[in-house]
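Accompanying notes for the structure given below.
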Amino acid sequence: MTERKAIESWLTDMDGVLIHEGQPVPGAPEFLRRMRASGKPFLVLTNNSIYTPRDLQARLARMDLHLAEESIWTAALATAQFLSDQRPGGSAYVIGEAGLTTAMHAVGYVLSDYAPDYVVLGETRTYSFEAITKAVRLINDGARFICTNPDPTGPSTEGALPAAGSVAAMIEKATGKAPYFVGKPNPMMMRSALNTIAGHSESTAMIGDRMDTDILCGLEAGLETILVLTGISNRVEAERYPYRPSRIVDSVADLIDEL
1 MTERKAIESW LTDMDGVLIH EGQPVPGAPE FLRRMRASGK PFLVLTNNSI YTPRDLQARL
61 ARMDLHLAEE SIWTAALATA QFLSDQRPGG SAYVIGEAGL TTAMHAVGYV LSDYAPDYVV
121 LGETRTYSFE AITKAVRLIN DGARFICTNP DPTGPSTEGA LPAAGSVAAM IEKATGKAPY
181 FVGKPNPMMM RSALNTIAGH SESTAMIGDR MDTDILCGLE AGLETILVLT GISNRVEAER
241 YPYRPSRIVD SVADLIDEL
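Residue 259, in this note's numbering, is where the sequence shown stops; the numbers in between run on with no holes.
Here it is, written out as structure tokens:
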């Protein structure tokens with residue numbers, strides 16, 4: 001593969017890389033400690049739009065994974081930034097939790113169901129049929145359809161849960177309007193993260209556990225990609241894709257000495 005520049009900044013997924021099934025991945029606390037001590041810019045990324053960075057910071061701290069609030073980049077933040085760039089000071093009907101509504105307010109958006117510029121669909125623990133029906137009608141009336149992420153399912157202790165991608169498919173079927181997805185694998189998620197830390201694609205690595213989101217997104221954004229085997233994808237599955245990560249390691253513990 002083409003010789004790359006030394007890694008000067010890092011992006012890493014959260015679920016499957018730093019935590020797995022509610023527990024820290026072995027080596028993850030030391031990985032983050034080394035990352036902070038290195039002084040290199042880094043962000044922890046997640047497609048989950050339910051939580052604010054402050055919520056996630058507290059959740060991770062309970063697992064001895066210590067991060068600054070500013071070191072967490074969510075699909076909700078990326079979505080809000082995208083809409084603010086596209087249509088500053090606009091309005092949106094939002095289906096989602098505090099992570100998304102807080103991000104939308106922070107960029108100056110008005111949340112309204114009266115002729116909004118956008119319908120914005122994010123993750124929520126309880127999708128309301130009433131809210132979905134309202135979204136369908138607003139899109140039919142001309143609102144533009146945005147979704148934070150295309151993930152069809154999300155994890156839970158009881159098993160898979162339908163996620164934003166599945167609900168987006170239902171709304172698309174009802175309206176005939178496909179959403180624009182901002183989160184991974186859209187490389188815009190990576191670009192917005194890079195801009196946040198003033199990183200450059202030629203000298204940034206993306207660590208992820210999914211070939212179809214993390215690795216694809218990093219690849220399309222021009223980053224070095226590192227697949228870890230502590231989450232979804234394994235070595236056998238990785239070989240089935242038409243693209244490859246720059247390298248595969250067992251876990252972030254194998255990257256500590258590079259920091």
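All residues carry an ideal CB built from backbone N, CA and C; glycine is no exception.
Keep in mind it's a predicted model, so treat the numbers as computed, not measured.
Name, in chain order, the residues that DSSP records as bridge partners for residue i.
i, result
"cysteine 147", "Leu121 and Phe181"
"aspartate 15", "Ile19"
"valine 25", "Bridge partners of valine 25: none, in fact."
"glycine 154", "Leu161"
"alanine 205", "Trp10 and Glu224"
"leucine 67", "According to DSSP, leucine 67 bridges with nothing at all."
"isoleucine 72", "Val44"
The ligand COA and residue i: does any heavy atom of the ligand fall closer than 7 Å to the residue's C-beta?
i, result
"threonine 153", "In terms of ligand content, the structure shown is empty, and the ligand COA therefore cannot be addressed."
Pick from the options: whose alpha carbon is nearest that of residue i?
i, options, result
"proline 41", "Val236, Met206 and Glu172", "Met206"
"aspartate 212", "Ser192, Glu237, Arg191 and Ala193", "Glu237"
"aspartate 117", "Glu130, Ala135 and Ser128", "Ala135"
"lysine 184", "Met14, Thr175 and Phe145", "Met14"
"phenylalanine 181", "Arg191, Ala164 and Met170", "Ala164"
"arginine 59", "Ile171, Pro179, Gly22 and Val249", "Gly22"
"phenylalanine 145", "Ser166, Thr46 and Ile171", "Ile171"
"serine 192", "Glu8, Cys217, Ala174 and Leu138", "Cys217"
"threonine 261", "Arg62, Leu11, Arg137 and Ala115", "Here the chain comprises residues numbered 1 to 259, so residue 261 is not present and cannot be evaluated."
Just to confirm, are residue i and residue j a CB contact at a threshold of 8 Å?
i, j, result
"glycine 208", "isoleucine 215", "yes"
"valine 17", "valine 252", "yes"
"alanine 28", "leucine 67", "no"
"leucine 255", "phenylalanine 82", "no"
"isoleucine 36", "glutamate 202", "It is arginine, not isoleucine, that sits at residue 36 in the sequence shown. Against a cut-off of 8 Å, the Cβ pair of glutamate 202 and arginine 36 comes out as no contact."
"threonine 148", "leucine 219", "no"
"serine 84", "valine 110", "no"
Under three-state DSSP, which class holds residue i?
i, result
"serine 233", "coil"
"arginine 247", "strand"
"isoleucine 50", "coil"
"threonine 126", "coil"
"alanine 131", "helix"
"leucine 259", "coil"
"serine 84", "helix"
"alanine 92", "strand"
"valine 136", "helix"
"valine 107", "coil"
"serine 38", "helix"
"arginine 210", "coil"
"asparagine 186", "coil"
"arginine 62", "coil"
(request) Pair every Cβ in the region 219-233 with every Cβ in the region 73-85, then say whether three or more of these pairs are closer than 8 Å. (result) no
(message) Does the structure place the region 145-154 close enough to the region 52-61 that three or more beta carbon pairs sit under 8 Å?
(response) no
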